[in-house]
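Colleague: In this text, residue positions in the sequence shown follow the working numbering: the first is 25, and each later residue adds one.
Cβ atoms here follow ideal geometry from the backbone N, Cα and C, with glycine treated the same way.
Provided herewith is a single structure, encoded as structure tokens, for subsequent inquiry.
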Amino acid sequence: MSATRVLAQYAADTTYDDLPEKVVVQAKEVIRDSLGCLIGGAALPAGRRIRDSITPMAADGRATVAGEERRVVPAWASYINAQLTNLLDFDDTLETNALGHPGATIIPPALALAEQRGSSGKAFLTAVVVGYDVYSRIATAAKPTLERSKQVRGLATWQIFGAVAAAVHVLGLDPEAAARAFGLAALHAPVPFVGKIYEERPMWALKNNFGWSAMGGVLGALFAAEGLDANHDILEGETGFWVMAGSDRYDSSLLTAGLGSTYSILNTSFKPYPTCRYTHSALDAVNSLIQSRDLRASEVRSVRIRSSSKIQSFADYRPQSFIDAEFSLPYLVAMLLLREPPGYRWVTAERWRDPVVLALADRVHLDVDPEVEIDLAQGFLRVRVAVELENNRVEEAEATHARGHPHKPLSVAELRLKFLDLAQPVIGSTAARQFSSLIDGLEDVQDIAELTADLANVALTNGSREDTG
25 MSATRVLAQY AADTTYDDLP EKVVVQAKEV IRDSLGCLIG GAALPAGRRI RDSITPMAAD
85 GRATVAGEER RVVPAWASYI NAQLTNLLDF DDTLETNALG HPGATIIPPA LALAEQRGSS
145 GKAFLTAVVV GYDVYSRIAT AAKPTLERSK QVRGLATWQI FGAVAAAVHV LGLDPEAAAR
205 AFGLAALHAP VPFVGKIYEE RPMWALKNNF GWSAMGGVLG ALFAAEGLDA NHDILEGETG
265 FWVMAGSDRY DSSLLTAGLG STYSILNTSF KPYPTCRYTH SALDAVNSLI QSRDLRASEV
325 RSVRIRSSSK IQSFADYRPQ SFIDAEFSLP YLVAMLLLRE PPGYRWVTAE RWRDPVVLAL
385 ADRVHLDVDP EVEIDLAQGF LRVRVAVELE NNRVEEAEAT HARGHPHKPL SVAELRLKFL
445 DLAQPVIGST AARQFSSLID GLEDVQDIAE LTADLANVAL TNGSREDTG
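Written out as structure tokens, the structure is:
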């Protein structure tokens, strides 16, 4: 049996009872984290514009879009909610094997189809787990070399397989139909455009375009459910998907090794900052000095951050949008030095246009260190930081794995606080806490509509946030 068919069978046949308890616990955390990011993103003006562009042509369905009273068809609900989940760049990553944002393209499709079908919490949880497994394995097996990644790199390209795996499971497709769904979904995969958009400013509004992958996964599964045919072995051979996606290597053994006994979702990293993950090691190093040395912005003469050449991608000293701010390391360091708690205020126009913040950002210098190499397989920037103070004292720190990585996990309390910080200002404290409690007991939920009820109220209760620019 080909690897494509093995993965398809896994997505179709895995049951909730197959999952170890620790995997279920982790699935609840990634769901909570992603839905918190969805709620936060839905309340942004950009989130409203995305909704308003699509919902008029997507109505008359049964799936919820965050911040929209009208129910829409699952494919478009998946698109919108995936885009909104990634807007703040606060959503999870899988970085021990291949960097990406799996939650944004797995949880919205699983949720939309589960809501339409009246699926249980157990079915939803299982769909999320198999989605993480399938995506991570394919992205890892076909991960380009560092040299190729400088030209051709995609996240949404690979993440479409997590979306289709989750959709296959919720729809209850058999293994044969699931294999066809993989082939049909692959035809919707975005080109590997990440290198282009991340090197240019201003950043593009759709950024990773995860919505297209989420929707493409749903469409692939729906087409297969209706009997449409497709290649059953889309991953295999010299013309397989790895070649279509521009990769220069492929190790098929990684697709199935340990399948059903090792779970990729356990390698999820949760973000402590609403910024590109590649900035986090530097932010951690700076923050460690702020906390341990009680540094004050007024006494900082300069901050010098040394890392690989990748760091130059974040040398934007004058962000022009909230998305630019998420990728501006000098600006982000300034926010830390000003002791602004990581969260929504980091992306407000009030802050990224503030002359005081920008003047502090100008003291941050990004240098290439030939001794420090990026490890894309681990998804972090190894950094060295030196902070020079007005009294000529220099404080130094280093960082490798960023906080939130499986090797340096955030605590349960930190994860719960992150969710509440995102959700409470939008849906209110009581609703946010009830929502979080419902996730804790997802395995007892008989109809996932119980979980989606509050999502429609996003931006309808306390109002949307208008100051991101």
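Between the stretch 124 to 134 and the stretch 95 to 111, do three or more beta carbon pairs fall short of 8 Å?
Modeller: yes
Colleague: Suppose the cutoff is 6 Å on Cβ atoms and the five residues either side in sequence are ignored; what does the same chain contact list for Ala401 look like?
Modeller: Looking up residue 401 in the sequence shown gives position 377. Confidence at Ala401 is low in this model, with a pLDDT of 44, below 50, so its placement is unreliable and no value can be given for it.
Colleague: Among the residues of its own chain, which have a CB less than 8 Å from the CB of Arg375, if the five just before and after it don't count?
Modeller: Within the sequence shown, residue 375 is the residue found at index 351, counting from 1. Taking C-beta separations shorter than 8 Å and ignoring five residues to either side along the sequence, the partners of Arg375 in its chain run Ala349, Met359, Glu364, Arg369 and Val381, following chain order.
Colleague: Assign His431 to buried or exposed, taking buried as 16 or more other Cβ atoms, counted over all protein chains shown, within 10 Å of its Cβ.
Modeller: The sequence position of residue 431 within the sequence shown is 407, counting from 1. Its Cβ having fewer than 16 others within 10 Å, His431 is exposed.
Colleague: Can you tell me whether Leu112 is helix, strand or coil according to DSSP?
Modeller: As a position in the sequence shown, residue 112 is number 88, starting the count at 1. In this structure, Leu112 counts as coil in the three-state DSSP scheme.
Colleague: Assuming Ser326 contacts Ala421 (C-beta within less than 8 Å), just tell me the rounded distance between them.
Modeller: Translated into positions along the sequence shown, residue 326 becomes position 302. Translated into positions along the sequence shown, residue 421 becomes position 397. About 15 Å; that fails the 8 Å criterion.
Colleague: Please return the same chain residues whose Cβ sits closer than 6 Å to the Cβ of Gly142, not counting the five positions on each side in sequence.
Modeller: As a position in the sequence shown, residue 142 is number 118, starting the count at 1. Excluding sequence neighbours, Gly142 sits near Asp471.
Colleague: Spell out a yes or no on whether the stretch 93 to 100 and the stretch 276 to 284 are touching, meaning 3 or more CB-CB pairs, one atom from each, closer than 8 Å.
Modeller: no
Colleague: Taking the C-alpha atoms as reference points, what is the distance between Pro394 and Ile162?
Modeller: Walking along the sequence shown from the start, residue 394 turns up at place 370. Walking along the sequence shown from the start, residue 162 turns up at place 138. Straight-line Cα distance between these residues: approximately 32 Å.
Colleague: Where do the ends of the alpha helix (DSSP H) carrying Ser326 lie?
Modeller: Reading the sequence shown from its first residue, position 302 is the one you call residue 326. No alpha helix (DSSP H) contains Ser326, which is instead part of the beta strand (DSSP E) from Val324 to Ser331.
Colleague: Excluding the 5 residues flanking Val54 on each side, which residues of the same chain have their C-beta closer than 6 Å to its C-beta?
Modeller: Position 30 of the sequence shown, counting from 1, holds the residue named residue 54. So the list reads Asp116, Gly127 and Thr292, once near-sequence residues are dropped.
Colleague: Buried or exposed: where does Gln50 fall if 16 or more other Cβ atoms within 10 Å of its Cβ makes it buried?
Modeller: For the purposes of this step, residue 50 is taken as residue 26 along the sequence shown, with counting starting at 1. The residue in question, Gln50, is buried, as its Cβ has 16 or more Cβ neighbours within 10 Å.
Colleague: To the nearest angstrom, how far is the alpha carbon of Phe206 from that of Val267?
Modeller: In the sequence shown, the residue the question calls residue 206 occupies position 182. In the sequence shown, the residue the question calls residue 267 occupies position 243. About 16 Å.
Colleague: Return the chain-ordered ranges of every alpha helix (DSSP H) run that is complete within the stretch 355 to 395 and spans a minimum of 4 residues.
Modeller: 373 to 376 and 379 to 385
Colleague: State the CB to CB distance for the pair Asp464 and Lys52, rounded to an integer number of angstroms; the pair is presumed to be in contact (CB under 8 Å).
Modeller: Taking the first residue of the sequence shown as 1, we reach residue 464 at position 440. Taking the first residue of the sequence shown as 1, we reach residue 52 at position 28. Contact flag correct, Cβ pair sits at about 7 Å.
Colleague: My understanding is that Ala385 touches Glu93, with C-beta atoms under 8 Å, so please give their C-beta distance in whole angstroms.
Modeller: As a first step, residue 385 is located in the sequence shown; it is residue number 361 there, counting from the start. As a first step, residue 93 is located in the sequence shown; it is residue number 69 there, counting from the start. Not quite, the Cβ-Cβ distance comes to about 40 Å (not below 8 Å), so this is no contact.
Colleague: With a threshold of 7 Å on Cβ separation, who are the neighbours of Ala90 within its own chain once the five nearest residues in sequence on each side are excluded?
Modeller: Counting from one through the sequence shown, the residue named residue 90 turns up at place 66. Excluding residues within five positions, the ones whose Cβ falls inside 7 Å are Leu62, Ile63, Ala66, Asn105, Leu108, Leu479 and Val482.
Colleague: Sort Lys295, Pro433 and Val153 by Cα distance to Leu31 and report the nearest one.
Modeller: By 1-based counting over the sequence shown, the position of residue 31 is 7. Measuring from the Cα of Leu31, the nearest candidate turns out to be Val153.
Colleague: If you draw a straight line from the C-alpha of Ala249 to the C-alpha of Glu260, how long is it?
Modeller: As a position in the sequence shown, residue 249 is number 225, starting the count at 1. As a position in the sequence shown, residue 260 is number 236, starting the count at 1. Each residue's Cα considered, the two are about 23 Å apart.
Colleague: Runs of 4 residues minimum, wholly inside the stretch 108 to 171: which ones carry the alpha helix (DSSP H) assignment?
Modeller: 126 to 141 and 145 to 165
Colleague: Check whether the stretch 181 to 189 touches the stretch 224 to 244, counting contact only when three or more Cβ pairs, one atom from each stretch, lie closer than 8 Å.
Modeller: yes
Colleague: Do you know offhand how far Val450's Cα is from Thr79's?
Modeller: On the sequence shown, position 426 is the one that residue 450 refers to. On the sequence shown, position 55 is the one that residue 79 refers to. Between Val450 and Thr79, the C-alpha separation is close to 21 Å.
Colleague: First and last residue of the alpha helix (DSSP H) that includes Asp253?
Modeller: By one-based count along the sequence shown, residue 253 stands at place 229. Taken as a continuous stretch (DSSP letters only), Asp253 belongs to no alpha helix (DSSP H), as it is neither H nor E.
Colleague: Quick one, are the C-beta atoms of Val396 and Arg440 less than 8 Å apart?
Modeller: Working through the sequence shown from its first residue, we reach residue 396 at position 372. Working through the sequence shown from its first residue, we reach residue 440 at position 416. Cβ atoms of Val396 and Arg440: not closer than 8 Å.
Colleague: Please specify which runs of the alpha helix (DSSP H), each continuous and at least 4 residues long, are wholly inside the stretch 195 to 242, giving them in chain order.
Modeller: 199 to 210 and 218 to 222
Colleague: Can you give me the start and stop residues for the beta strand (DSSP E) that Glu420 sits inside?
Modeller: In the sequence shown, the residue the question calls residue 420 occupies position 396. That run of the beta strand (DSSP E) goes Val418 to Ala423.
Colleague: Sorted by chain position, which residues of the same chain lie with C-beta nearer than 8 Å to Asp468's C-beta, five sequence neighbours on each side aside?
Modeller: For the purposes of this step, residue 468 is taken as the residue at position 444 of the sequence shown. These residues qualify, in order along the chain: Gly145.
Colleague: My output table needs one value for Val409: the three-state DSSP class, helix, strand or coil.
Modeller: On the sequence shown, position 385 is the one that residue 409 refers to. Residue state, collapsed to three classes: strand.
Colleague: How long is the line joining the alpha carbons of Trp228 and Lys442, rounded to whole angstroms?
Modeller: In the sequence shown, residue 228 corresponds to position 204, counting from 1. In the sequence shown, residue 442 corresponds to position 418, counting from 1. C-alpha separation (whole angstroms): 26 Å.
Colleague: On a CA-only basis, which of Phe294, His304, Ser332 and Tyr355 is nearest Ser435? Give me that one, please.
Modeller: The residue you call residue 435 lines up with position 411 of the sequence shown. Considering only alpha carbons, the answer is Phe294.
Colleague: Around the C-beta of Met239, are 16 or more other C-beta atoms found within 10 angstroms, so that it is buried, or is it exposed?
Modeller: Residue 239 sits at position 215 when you count from the first residue of the sequence shown. The residue in question, Met239, is buried, as its Cβ has 16 or more Cβ neighbours within 10 Å.
Colleague: The beta strand (DSSP E) with Arg86 in it runs from where to where?
Modeller: On the sequence shown, residue 86 is found 62 positions in, with the first residue counted as 1. Where Arg86 is concerned, the enclosing beta strand (DSSP E) stretches over Ala83 to Ala87.
Colleague: Over the uninterrupted alpha helix (DSSP H) stretch that includes Gly60, give me the two end residues.
Modeller: Residue numbering aside, residue 60 sits at position 36 when the sequence shown is read from its first letter. First-last of the alpha helix (DSSP H) with Gly60: Glu45 to Ala66.
Colleague: Drop a sphere of 10 angstroms on the beta-carbon of Pro296, count the other beta-carbons inside from all chains shown, and report buried for 16 or more, exposed for fewer.
Modeller: Residue mapping note: residue 296 aligns to position 272 of the sequence shown, counting from 1. Buried is the call here.
Colleague: At which residues does the alpha helix (DSSP H) containing Asn311 begin and terminate?
Modeller: Position 287 of the sequence shown, counted from the first residue, corresponds to residue 311. Start and end: His304 to Arg317.
Colleague: Using the C-alpha atoms, what's the distance from Arg317 back to Val215?
Modeller: Taking the sequence shown and counting its residues from 1, the one referred to as residue 215 is at position 191. Taking the sequence shown and counting its residues from 1, the one referred to as residue 317 is at position 293. If I take the Cα positions, the gap works out to 46 Å.
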